[in-house]
Amino acid sequence: MSDSGNIEGGCRCGAVRYRAEGGALWVSHCHCNECRRSSGAPVSTFVGVGSEGFAFVTGAPGAYESSPEVVRRFCGACGTPLTYEAAVYPGEVHIMVGTLDAPEGLVPERHVFDGERMPWLAMADDLPRHDTLPQGIPRVPLS
Ligand SMILES: [Zn+2]
Ligand SMILES: [Zn+2]
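Take the sequence shown: its position 65, counted from the start at 1, is 46 in the working numbering, and no numbers get skipped.
1) Quick one: which unbroken beta strand (DSSP E) runs of 3-plus residues sit fully inside the segment 39 to 110? Chain order, please.
2) Is the distance from the Cβ of Gly96 to the Cβ of His10 below 9 Å?
3) Please report how far the alpha carbon of Glu90 lies from the alpha carbon of Cys59, in whole angstroms.
4) With a Cβ-Cβ cutoff of 9 Å, do Arg(-7) and Val38 count as a contact?
5) Can you name the start and end residues of the beta strand (DSSP E) that Ser25 belongs to?
6) Could you tell me how far apart the beta carbons of Val30 and Val74 are, in whole angstroms, since I believe they sit closer than 8 Å?
7) List the DSSP bridge partners of Ser19.
8) In chain order, what are the residues with a CB under 5 Å from some non-hydrogen atom of ligand 2?
9) Considering only DSSP beta bridges, list what Gly(-9) is partnered with.
10) Just to confirm, are Tyr78 and Val28 a CB contact at a threshold of 9 Å?
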């Protein structure tokens, strides 16, 4: 996060940059098959932010509908996956934490879709694990 508390980041090559004002709503590890295929990595860690405070400030990402009413954005030049938006999460943008300038400051709170986790991926933490997506994820802003 920047000195102002905003979340900033961008793609590998720097062509696309974003800023999210208002801070993080939540941070989760997602083990679902869709994220795995989309990211190329066995687990995808996301931070949720409010869409009203989110903007791409440099460049324009590519986008595709990865499933009905789900849009994933990426850098068209270097291919870095950047964000996820879905109709079932109105008002939220989910940012790939690995693209943040300072990802170490956002600590994951839970695993979702743990039922789809790779059996060889052991993550030794005490975080709550949900087989799918829990209903009513607490939307408490992180401090
Ligand atoms: Zn790029
Ligand atoms: Zn997922």
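C-beta atoms are modelled at their ideal positions from N, C-alpha and C, and glycine is treated no differently.
Remember, predicted model here, so these are calculated numbers, not experimental data.
Well, looking at it:
1) 43 to 48, 51 to 55, 62 to 67, 73 to 77 and 91 to 93
2) Looking up residue 96 in the sequence shown gives position 115. Looking up residue 10 in the sequence shown gives position 29. In this structure, His10 does not lie closer than 9 Å to Gly96 by Cβ.
3) Numbered from 1 along the sequence shown, position 109 holds the residue referred to as residue 90. Numbered from 1 along the sequence shown, position 78 holds the residue referred to as residue 59. The straight-line gap from Cα to Cα measures roughly 29 Å.
4) As a first step, residue -7 must be located in the sequence shown, where it is residue number 12. As a first step, residue 38 must be located in the sequence shown, where it is residue number 57. No, Cβ-Cβ distance for Arg(-7) and Val38 is not below 9 Å.
5) By one-based count along the sequence shown, residue 25 stands at place 44. That run of the beta strand (DSSP E) goes Ser25 to Gly31.
6) Position 49 of the sequence shown holds residue 30. Position 93 of the sequence shown holds residue 74. Confirmed, Cβ separation roughly 5 Å.
7) The residue you call residue 19 lines up with position 38 of the sequence shown. Answer by DSSP bridge pairing: none, since Ser19 is not bridged.
8) Selection around ligand 2 by beta-carbon proximity, strictly under 5 Å to any non-hydrogen atom, yields Cys11, Cys13 and Cys16 in chain order.
9) Working through the sequence shown from its first residue, we reach residue -9 at position 10. In DSSP, Gly(-9) forms a bridge with Arg(-2).
10) As a first step, residue 78 is located in the sequence shown; it is residue number 97 there, counting from the start. As a first step, residue 28 is located in the sequence shown; it is residue number 47 there, counting from the start. This sequence places Val at residue 78; Tyr is not what is there. Going by C-beta atoms, Val78 is nearer than 9 Å to Val28.
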